[in-house]
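What follows is a short report on a single structure.
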Amino acid sequence: DHRLQSILPPVGEVDADFLNGLNNFVGRFEALNSTPAKKTVPHQEEEALCLDTADVTIPPEQQAEVDELAAALSELQATTVHEYQENVKNENIAEWKTKIAEKTQKLSQVKVDVINLKEDITKLKSQIVESPEELKSQKEKMKEAVKKIKNSIAETDEYVVEMQNRVQSVAHAEAELQQMNSLLQDLESSMNNTRLRQEEVRSMQKELKSLCSEEVQLKRALGMKLDKECKQNIRRQKKRETKEHHVQEVLGQCNQIHQKREEMADKIQAIIGETRQLKAKIKSLRDVCSKETEKAQKCSILENINTALEQENEILEQKNTDLKNMNTDLQLKLEQLNQKTSENIKSVSDQLQKQPIFRRVITGVSNTFLKMYQTGTIRYWVDTWYC
Numbered sequence: 524d525h526r527l528q529s530i531l532p533p534v535g536e537v538d539a540d541f542l543n544g545l546n547n548f549v550g551r552f553e554a555l556n557s558t559p560a561k562k563t564v565p566h567q568e569e570e571a572l573c574l575d576t577a578d579v580t581i582p583p584e585q586q587a588e589v590d591e592l593a594a595a596l597s598e599l600q601a602t603t604v605h606e607y608q609e610n611v612k613n614e615n616i617a618e619w620k621t622k623i624a625e626k627t628q629k630l631s632q633v634k635v636d637v638i639n640l641k642e643d644i645t646k647l648k649s650q651i652v653e654s655p656e657e658l659k660s661q662k663e664k665m666k667e668a669v670k671k672i673k674n675s676i677a678e679t680d681e682y683v684v685e686m687q688n689r690v691q692s693v694a695h696a697e698a699e700l701q702q703m704n705s706l707l708q709d710l711e712s713s714m715n716n717t718r719l720r721q722e723e724v725r726s727m728q729k730e731l732k733s734l735c736s737e738e739v740q741l742k743r744a745l746g747m748k749l750d751k752e753c754k755q756n757i758r759r760q761k762k763r764e765t766k767e768h769h770v771q772e773v774l775g776q777c778n779q780i781h782q783k784r785e786e787m788a789d790k791i792q793a794i795i796g797e798t799r800q801l802k803a804k805i806k807s808l809r810d811v812c813s814k815e816t817e818k819a820q821k822c823s824i825l826e827n828i829n830t831a832l833e834q835e836n837e838i839l840e841q842k843n844t845d846l847k848n849m850n851t852d853l854q855l856k857l858e859q860l861n862q863k864t865s866e867n868i869k870s871v872s873d874q875l876q877k878q879p880i881f882r883r884v885i886t887g888v889s890n891t892f893l894k895m896y897q898t899g900t901i902r903y904w905v906d907t908w909y910c
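Numbering of the sequence shown is given in the working numbering, commencing with residue 524 and proceeding in unit increments.
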């Protein structure tokens, strides 16, 4: 007896196997989602503690960037946990996709087999003669089996739609993972840049310390130089004051010498006037003598006159010797002053040029008298005047 039950597999057992497979898949998926999160969270907490406890001297200018990087790191940690879970899900989904593909292949094969069996059934129906009751019961069973198959197909279609949605979410998660990977790479580059900047900051701090030490040394050297300059300025001021005092003393001595020269010039002029008066007296006496000699030859009067003239000549000679002594004293004083004021001749000459014209004239006259005395012209003129 060839029946459909002996040819077709039982529909209830197929549906039960399929549902058991789905339950096992969901259980494994939830287990995989729960375990990696538990494993990754303490590892990330340890990394966060390491980052927090790391002694990193951050400058205030880069504090905002560091805060942004810390926020980005926290976000990345959360996203990496989520991504790890999504990766596990994706792996499970890929496995279940392969299983679903195998099941779909099996379903397609089963459908092909069902179609072939239907064809065989149609062929066998022509050969098999059965009772109408059995046919009705078999038709009802077949209808129930078809309904179950339709329900299972609808459930599989719904499950396939859900899996497609999950696959789309997985693709979206993959795109997000790529973005997060790019962000992680950017973060790594930024962390490297921050490390380089920190190294640069440390080197700059070392340079600042060296520059500060050099600045302190330079300040000390400047203080020493300023002290030396102050001492030198004080010495220079003292030297200037001493020079000015010496110049003033020299000028006072020069003024005294000029006054003495003026006095000597007045004395010389008085002596010249006296000599002129004496010459006039001598002439008058000579005239008188000549007249008296003509009138009366009296030797006693002439002798008295000669003695008087000799006395006057002696007086004039004494005055000449006094003048010579005065001139020698003046010359010695002038030589001493010239020796003392050899360094300040220019300043003295400038100040002498600023003196009034009368003093210049007197100095010129005194200089001419000195030259005349040195050459002996004064003695010649005195001798001529007395003779």
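Note that CB positions come from ideal geometry on N, CA and C, so glycine has one too.
Check: Exposed or buried, what is alanine 696 when buried is set at 16 or more other beta-carbons lying within 10 Å of its beta-carbon?; Outcome: buried
Check: Report yes or no: do three or more beta-carbon pairs, one from the region 598-614 and one from the region 699-713, lie closer than 8 Å?; Outcome: yes
Check: Work out the CA separation of glutamine 728 and lysine 562 for me, nearest whole Å.; Outcome: Residue placement at lysine 562 is flagged as unreliable, the pLDDT there being 44, under the threshold of 50; the coordinate-derived value follows with that caveat. Roughly 43 Å separates the two Cα atoms.
Check: Out of Glu840, Cys777 and Asn716, which has the shortest C-alpha to C-alpha gap to glutamate 588?; Outcome: Asn716
Check: Label cysteine 753 either buried or exposed according to how many other C-beta atoms from any shown protein chain fall within 10 Å of its C-beta, with 16 as the threshold for buried.; Outcome: exposed
Check: Going by the CB atoms, is the gap between methionine 703 and threonine 602 shorter than 8 Å?; Outcome: yes
Check: Please tell me whether arginine 689 and isoleucine 616 are closer than 8 Å, where the distance is taken between their beta carbons.; Outcome: yes
Check: On the criterion of 16 or more Cβ atoms from any shown chain inside 10 Å, does methionine 747 qualify as buried, or is it exposed?; Outcome: exposed
Check: Please classify isoleucine 805: is it buried, with 16 or more other beta-carbons within 10 angstroms of its beta-carbon, or exposed?; Outcome: buried
Check: Please tell me whether asparagine 639 and valine 693 are closer than 8 Å, where the distance is taken between their beta carbons.; Outcome: no
Check: Taking just the CA atoms, how far does tyrosine 682 sit from glutamate 723?; Outcome: 59 Å
Check: Find out if the Cβ-Cβ distance for the pair leucine 710, alanine 595 is shorter than 8 Å.; Outcome: yes
Check: When we look at the beta-carbon of leucine 801 and count the other beta-carbons within 10 Å, is it buried (16 or more) or exposed?; Outcome: buried
Check: Would you check if the distance between the CB atom of leucine 707 and the CB atom of leucine 592 is smaller than 8 Å?; Outcome: no
Check: Is it right to say arginine 809 is buried, meaning 16 or more other beta carbons lie within 10 angstroms of its own, or is it exposed?; Outcome: exposed
Check: Would lysine 842 pass as a contact of isoleucine 794 if the rule is Cβ separation under 8 Å?; Outcome: yes
Check: Do you know how far the Cα of lysine 626 is from the Cα of glutamate 667?; Outcome: 22 Å
Check: Have a look at serine 712 and glutamine 721 and give me their C-alpha separation to the nearest angstrom.; Outcome: 14 Å
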